[in-house]
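K.L.:
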Amino acid sequence: MKRYDSIGQIGHIFETDQQVVTDLVIPSGKEIPEHHVDYTVVVVPIKGKVIFSGHDFETELAPGSFVRMLPNESHSLKAIEDSELFVIKSKLEK
5 MKRYDSIGQI GHIFETDQQV VTDLVIPSGK EIPEHHVDYT VVVVPIKGKV IFSGHDFETE
65 LAPGSFVRML PNESHSLKAI EDSELFVIKS KLEK
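Counted from 1, the sequence shown has number 14 at position 10 by our numbering; the numbering is strictly sequential.
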């Protein structure tokens, strides 16, 4: 078991061939352009608020809610407050 504390910058907490857990820090106003990854992804806000967009989908994410995506779903983010999110990318068995 290991405890992790935020250091206020982007970094991988855990990484294997099958899973990557990232602490994603986004300052207010910053946008992450549309992209996709070959993983099932869960995005969990830790603090702040972001607009999370995908094909026919847009929502405000804040602590208490999260988004799950299938592999290769295009998405983008825009921080409307200084924000921190855990991004959990997993290659799941079919």
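Glycine included, each C-beta is placed from N, C-alpha and C at the ideal position.
Please read these numbers as outputs of a predicted model, since none were measured by experiment.
1. Determine, using beta-carbon pairs with one atom in the stretch 33-48 and one in the stretch 82-90, whether at least three such pairs fall under 8 Å.
2. Whole angstroms are fine: how far does the CA of E88 sit from the CA of E19?
3. Taking the alpha-carbon positions, what's the L96 to V46 distance?
4. Output yes if chain D places a C-beta closer than 8 Å to the C-beta of E38; else output no.
5. Drop a sphere of 10 angstroms on the beta-carbon of P49, count the other beta-carbons inside from all chains shown, and report buried for 16 or more, exposed for fewer.
6. Please state the DSSP three-state secondary structure of H59.
7. Any idea which residues DSSP pairs M73 with across the strands?
8. Could you name the residues that DSSP lists as bridge partners for L89?
9. Just to confirm the assignment, what range does the beta strand (DSSP E) spanning K82 have?
10. With burial defined as no fewer than 16 other Cβ atoms inside 10 Å of the residue's Cβ, what is the status of L74: buried or exposed?
P.N.:
Let me spell this out:
1. yes
2. As a first step, residue 19 is located in the sequence shown; it is residue number 15 there, counting from the start. As a first step, residue 88 is located in the sequence shown; it is residue number 84 there, counting from the start. Distance between the alpha carbons of E19 and E88: 19 Å.
3. By one-based count along the sequence shown, residue 96 stands at place 92. By one-based count along the sequence shown, residue 46 stands at place 42. Taking the straight line from one Cα to the other gives about 12 Å.
4. Considering every chain present, this structure includes no chain D. It has just one protein chain.
5. Counting from one through the sequence shown, the residue named residue 49 turns up at place 45. Looking at its Cβ environment, which holds 16 or more other Cβ atoms inside 10 Å, P49 is buried.
6. In the sequence shown, the residue the question calls residue 59 occupies position 55. If DSSP states are grouped into helix, strand and coil, H59 belongs with coil.
7. Looking up residue 73 in the sequence shown gives position 69. Per DSSP, V45.
8. As a working note, residue 89 is residue 85 in the sequence shown. Partner(s): L28 and P49.
9. The sequence position of residue 82 within the sequence shown is 78, counting from 1. Start and end: H79 to A83.
10. Numbered from its first residue, the sequence shown carries residue 74 at position 70. Result: exposed.
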